[in-house]
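Residue numbers (the working numbering): 22 to 450.
Note that CB positions come from ideal geometry on N, CA and C, so glycine has one too.
Please read all numbers here as calculations on a predicted model, not as lab measurements.
Remarks on the structure that follows.
Laid out in structure tokens, this is it:
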């Protein structure tokens with residue numbers, strides 16, 4: 022008999038078994054699957070961005086042969102037959118498969134009718150709300166404004182005094198991480214404290230959508246709620262930006278913003294240092310893979326060129342001062358990110374590539390950043406290339422410098438993430 026253990030990391034209780042309604046079951050494509058040791062057992066953890074079951078779920082690693090067959094190609098008898106030779110005790114019975122599929126469906130791990138219904142409920146709720154809720158408040162950072170303010174103040178007091186700005190210069194752009202604020206808190210504070218004495222009328226935040234996005238960009242015309250208060254959207258700018266762009270430039274809806282952290286983390290520090298006097302233009306960048314797979318240059322793609330030219334023109338023509346933020350991380354290496362080897366084996370080369378990208382950003386050479394990524398296949402999984410490239414083009418008339426370049430090591434998965442911060446200035450407006 023096949024046995025398995027399903028551990029809800031949120032301690033979700035089991036419910037009655039039921040027959041799965043999916044003819045050829047498939048795991049959800051938006052789940053991140055991470056192997057690790059949990060309570061002295063080898064498990065596979067499913068990280069659900071929407072936390073539909075209340076938390077993340079760990080399955081016994083012995084289930085991997087079955088899980089990798091949940092790809093939409095096998096019906097229940099097909100699953101049994103495909104697994105017949107993979108275990109010494111034989112294939113699971115149909116009853117065992119039914120029980121497991123029912124439990125996975127209860128935990129919203131399958132791309133099933135139940136999952137789609139739940140997601141539609143979330144979409145409807147998101148679209149009704151005039152503001153985006155701070156979904157990571159109380160998790161990645163404190164939801165209490167006094168505690169959050171004290172945390173930022175303490176980090177700032179521990180930092181060395183930054184070098185003064187160039188005389189007569191205005192900060193036009195910042196490159197900041199989007200890694201967990203608990204990891205990179207000092208880096209967030211260091212880069213954002215450089216704008217606390219500056220007036221900004223609008224802030225364009227170029228974030229990264231960590232899930233699939235049908236369209237190069239998703240622009241959200243909603244306010245952002247933070248523990249420090251609301252940030253209003255720049256509705257006129259957003260409407261001018263999104264009107265009449267080529268097909269495929271924009272995602273068909275803005276739901277991707279609901280649980281995306283890359284922009285939310287920036288809003289905490291923006292609202293703290295700038296107060297309520299600015300408006301936000303939140304732009305999630307999707308992947309560039311379909312452009313890279315083609316035979317055109319980056320600016321030869323109508324969608325990318327249209328977004329860049331529209332942003333560049335609106336920034337130049339709009340009243341007031343505009344600040345552009347690139348909310349990006351750099352290399353993601355090691356077992357967690359599919360390399361099949363330790364992060365230590367890859368880190369020297371990954372950091373060297375990071376330094377090359379940082380140098381190209383200061384030079385304004387977006388085309389070379391794109392060319393290298395296309396020709397090498399982005400071997401170190403830079404989580405931010407679409408935003409980095411667009412940011413680099415927008416900063417061509419500004420002078421930039423790298424402030425920090427750091428590495429976070431995740432010992433449990435033998436993996437690592439690199440991140441950095443930059444500041445760009447321009448004399449005059």
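Between residue 260 and residue 421, the alpha-carbon positions lie close to 30 Å from each other. Cβ atoms of residue 124 and residue 92 stay farther apart than 8 Å, at about 18 Å. By the C-beta density criterion, residue 268 is exposed, having fewer than 16 other C-beta atoms within 10 angstroms. Rounded to whole angstroms, the Cβ separation of residue 356 and residue 434 is 6 Å, and the two are in contact under 8 Å.
The alpha-carbon of residue 329 is positioned some 15 Å away from that of residue 303. Only residues of its own chain outside the window of five on either side were considered, and among them 270, 307 and 324 have a CB closer than 6 Å to the CB of residue 237, listed in chain order. As summarised for the segment 135–217, the continuous alpha helix (DSSP H) elements at least 4 residues long and confined to that stretch are 166–179 and 202–213, given in chain order. Between residue 413 and residue 320, the alpha-carbon positions lie close to 13 Å from each other. Straight across, the Cα-Cα distance linking residue 340 with residue 327 is about 21 Å. DSSP, reduced to helix, strand and coil, places residue 99 within a helical segment of the structure shown.
Residues of the same chain with a CB within less than 6 Å of the CB of residue 406, apart from the 5 flanking positions on each side, are 394 in chain order. Beta-bridge pairing by DSSP links residue 238 to 271 and 306.
In the structure shown, the three-state DSSP call for residue 82 is helix.
Where residue 446 is concerned, there is no enclosing alpha helix (DSSP H), although the beta strand (DSSP E) around it starts and stops at 436–448. With 16 or more other Cβ atoms from the protein chains shown falling within 10 Å of its own Cβ, residue 200 counts as buried. Between the C-alpha atoms of residue 177 and residue 215 there is a straight-line separation of about 11 Å. Rounded to the nearest angstrom, the Cβ distance from residue 248 to residue 161 is 12 Å, too far for a contact under 8 Å.
Proximity of the segment 130–142 to the segment 221–232 falls short of the contact definition, fewer than three beta-carbon pairs being nearer than 8 Å. Note on residue 208: 16 or more other CB atoms within 10 angstroms of its CB, so buried under the neighbour-count rule. About 29 Å separates the CB atoms of residue 288 and residue 312; that is not less than 8 Å, and the two are not in contact. With a 10 Å radius around the Cβ and a threshold of 16 neighbouring Cβ atoms, residue 86 comes out exposed.
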